[in-house]
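Notes to accompany the following structure.
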Amino acid sequence: MAWQNFSIWRGRLPHWRADDVNYYVTFKHRRSLDEFERRMLLRGLIKPDGRRWDLLIVCVLPEVTELIFTVREAPTGVPYELSDVVEKVKSKVGRDIIKRTEERFPPFYNESYDRILRDDDEFQAFWERIFESPVANELAEDPEQYDSLWVANAPE
Numbered sequence: 059m060a061w062q063n064f065s066i067w068r069g070r071l072p073h074w075r076a077d078d079v080n081y082y083v084t085f086k087h088r089r090s091l092d093e094f095e096r097r098m099l100l101r102g103l104i105k106p107d108g109r110r111w112d113l114l115i116v117c118v119l120p121e122v123t124e125l126i127f128t129v130r131e132a133p134t135g136v137p138y139e140l141s142d143v144v145e146k147v148k149s150k151v152g153r154d155i156i157k158r159t160e161e162r163f164p165p166f167y168n169e170s171y172d173r174i175l176r177d178d179d180e181f182q183a184f185w186e187r188i189f190e191s192p193v194a195n196e197l198a199e200d201p202e203q204y205d206s207l208w209v210a211n212a213p214e
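Just so you know, we're using our numbering here: the sequence shown kicks off at 59 and counts up by one.
Now the structure itself:
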């Protein structure tokens with residue numbers, strides 16, 4: 059499979075980039091987030107939807123956050139950098155949580171794990187895993203009951 063404008067860079071983890079692909083991203087939390095903090099993070103992640111990315115599904119669990127999205131093109135004609143979108147949200151919400159809790163550090167680890175979803179089967183498997191994660195983690199009996207799960211185009 060050949061991707062358009064494919065590149066790789068490395069922080070602590072390898073990061074692959076390409077145009078017009080679906081990304082799966084997950085990041086761990088330094089500590090368990092309470093319900094209010096999970097909702098803050100969820101709202102922060104949904105906010106750039108439709109401007110910088112097309113968010114397809116996001117689930118904020120107490121220990122980890124997972125999402126699938128496609129990065130949009132900036133006015134310059136170049137796609138937004140995936141890490142800029144995700145890290146800006148983590149940074150802003152992290153500062154808000156620090157103000158609220160008076161902790162020294164934001165509750166999120168710096169680097170996120172990202173993966174290009176290579177085909178429809180892989181997309182479906184990751185999407186279902188995210189959707190079912192509140193049930194798998196015993197946070198809800200039905201995924202639709204979990205307040206920190208958001209699915210694009212889902213009926214309200």
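Virtual Cβ for every residue (Gly too), placed ideally from N, Cα, C. Only a predicted model underlies this, so the values are computations on that prediction, with no experimental measurement involved.
Residue range of the unbroken alpha helix (DSSP H) whose run includes Trp-185: As a first step, residue 185 is located in the sequence shown; it is residue number 127 there, counting from the start. Per DSSP, Trp-185 belongs to the alpha helix (DSSP H) from 178–194.
With which residues is Asn-80 paired in a DSSP beta bridge? In the sequence shown, residue 80 corresponds to position 22, counting from 1. Answer by DSSP bridge pairing, in chain order: Thr-128 and Leu-175.
Please classify Lys-157 as buried or exposed, where buried requires at least 16 other C-beta atoms within 10 Å of its C-beta. Counted from its first residue, the sequence shown places residue 157 at position 99. Exposed, since its Cβ has fewer than 16 Cβ neighbours within 10 Å.
Just curious, the alpha helix (DSSP H) that Leu-114 is in, first and last residue? To locate residue 114, count along the sequence shown from 1; it is residue 56. Premise fails: Leu-114 lies in the beta strand (DSSP E), 111–118, not in any alpha helix (DSSP H).
Mind checking Asn-80: buried by the 16 CB within 10 Å criterion, or exposed? Counted from its first residue, the sequence shown places residue 80 at position 22. Per the 10 Å Cβ criterion, buried.
Compare the C-alpha of Tyr-204 against each of Ser-191, Asn-211 and Ala-210 and name the closest. As a first step, residue 204 is located in the sequence shown; it is residue number 146 there, counting from the start. Residue Ser-191 is the option with its Cα nearest to Tyr-204.
Do you know whose CA, among Leu-119, Leu-91 and Asp-179, lies nearest Glu-196's CA? If you number the sequence shown from 1, residue 196 lands on position 138. Nearest option by C-alpha distance: Leu-119.
In or out: Lys-146 buried (at least 16 other Cβ within 10 Å) or exposed? Working through the sequence shown from its first residue, we reach residue 146 at position 88. Lys-146 comes out exposed.
Could you give the distance in angstroms between the alpha-carbon of Ile-126 and the alpha-carbon of Glu-95? Within the sequence shown, the letter at position 68 stands for residue 126. Within the sequence shown, the letter at position 37 stands for residue 95. Roughly 20 Å separates the two Cα atoms.
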